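**Student:**
Numbering (the working numbering), first residue to last: 1491 to 1692.
#1: First and last residue of the alpha helix (DSSP H) that includes residue 1632?
#2: Are the stretch 1647–1664 and the stretch 1584–1593 touching by the rule of at least three beta carbon pairs closer than 8 Å?
#3: Does residue 1510 pass the burial test, meaning 16 or more other C-beta atoms within 10 Å, or should it be called exposed?
#4: Would you check if the stretch 1612–1624 and the stretch 1492–1500 touch, i.e. whether three or more CB-CB distances between them fall below 8 Å?
#5: Shortest alpha-carbon distance to residue 1648 belongs to which of 1516, 1635 and 1633?
#6: Does the Cβ of residue 1605 have 16 or more other Cβ atoms within 10 Å, making it buried, or fewer, making it exposed?
#7: Taking the straight line between their C-alpha atoms, what separation do you get for residue 1540 and residue 1626?
#8: In terms of alpha-carbon separation, which member of 1631, 1615, 1614 and 1595 lies closest to residue 1624?
#9: May I ask which residues mark the beginning and end of the alpha helix (DSSP H) holding residue 1545?
#10: Roughly how many angstroms lie between the CA atoms of residue 1572 and residue 1665, to the nearest whole one?
#11: Please state whether DSSP places residue 1616 in a helix, a strand or coil.
#12: Taking the straight line between their C-alpha atoms, what separation do you get for residue 1635 and residue 1524?
#13: Does the contact criterion of 3 or more C-beta pairs under 8 Å hold for the stretch 1524–1534 versus the stretch 1553–1572?
#14: So, is residue 1667 buried or exposed, given that buried needs 16 or more other C-beta atoms within 10 angstroms?
#15: Should residue 1637 and residue 1576 be called a contact, given that it needs their Cβ atoms to be closer than 8 Å?
#16: For the stretch 1576–1613, list the beta strand (DSSP E) runs that are entirely contained and at least 3 residues long, ordered along the chain.
#17: Return helix, strand or coil for residue 1442, following the three-state DSSP convention.
#18: So residue 1571 is in the alpha helix (DSSP H); what residue range does that whole segment cover?
#19: Do residue 1629 and residue 1545 count as a contact pair if the criterion is CB distance below 8 Å?
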């Protein structure tokens, strides 16, 4: 009987593989949520708040693959996209950055209005103040299909990158003394400190 176990490969050369695995998870989530949004549109009883939440999740997960941070970013120029797909890609990132993450663009409006009596405006004057709020809260079915199409191409690129990196890392570690890795043992199970969301990971 043979027992298989694992050891952490904590070397700089493995960073790219780790990063692209995280990117793969985000892109797969974007595809899954997009399919879920399409199902919601096809259902007559889907809650508008759920549609809002799913749309936000799609934009956030898709955009994470291209945002600055600790993790490696995808260079969109390496993906074989046509001009319409590149335009849609930019639209998705801009919507995430200038509407979801920050209130910048015209996808939201808050108008202060004064109510008055139509028949006697001068006599009664402004009787009350209110705010009329408008906001784009959902991607369209067409947007969701575009995310699926573009993400599928991205996923194909990322999957090939991961396979290539796995082979490269295996070649590196097999040329090293296994004791180098065994002496560090296994890292503890994933258990992030939820009290410090501002702390950058290594």
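Even glycine gets a Cβ: it sits at the ideal position worked out from N, Cα and C.
What you are looking at is a predicted structure, and each value in this text was computed from that prediction instead of being measured.
**Tutor:** Inspection of the coordinates gives the following:
#1: Its alpha helix (DSSP H) spans residues 1631–1664.
#2: Not touching, per the Cβ criterion.
#3: Label assigned to residue 1510: buried.
#4: Cβ pair count under 8 Å is below three, so no.
#5: For the set 1516, 1635 and 1633, the Cα lying nearest the Cα of residue 1648 is the one of 1516.
#6: Label assigned to residue 1605: exposed.
#7: For residue 1540 and residue 1626, the distance between alpha carbons rounds to 14 Å.
#8: When each option's Cα is compared against that of residue 1624, the closest is 1595.
#9: Residues 1538–1554.
#10: Rounded to the nearest angstrom, the two C-alpha atoms are 42 Å apart.
#11: The answer is strand: DSSP assigns residue 1616 an E or B state.
#12: Rounded to whole angstroms, residue 1635 to residue 1524 spans 7 Å at the Cα level.
#13: By the Cβ rule, the stretch 1524–1534 does not count as touching the stretch 1553–1572, because fewer than three pairs are nearer than 8 Å.
#14: Residue 1667 comes out exposed.
#15: Contact: no.
#16: The stretch 1576–1613 contains these whole beta strand (DSSP E) runs: 1598–1606.
#17: Here the chain covers residues 1491 to 1692 and nothing more, so residue 1442 does not appear.
#18: For residue 1571, there is no enclosing alpha helix (DSSP H), as DSSP marks it with neither H nor E.
#19: A distance below 8 Å separates the beta carbons of residue 1545 and residue 1629.
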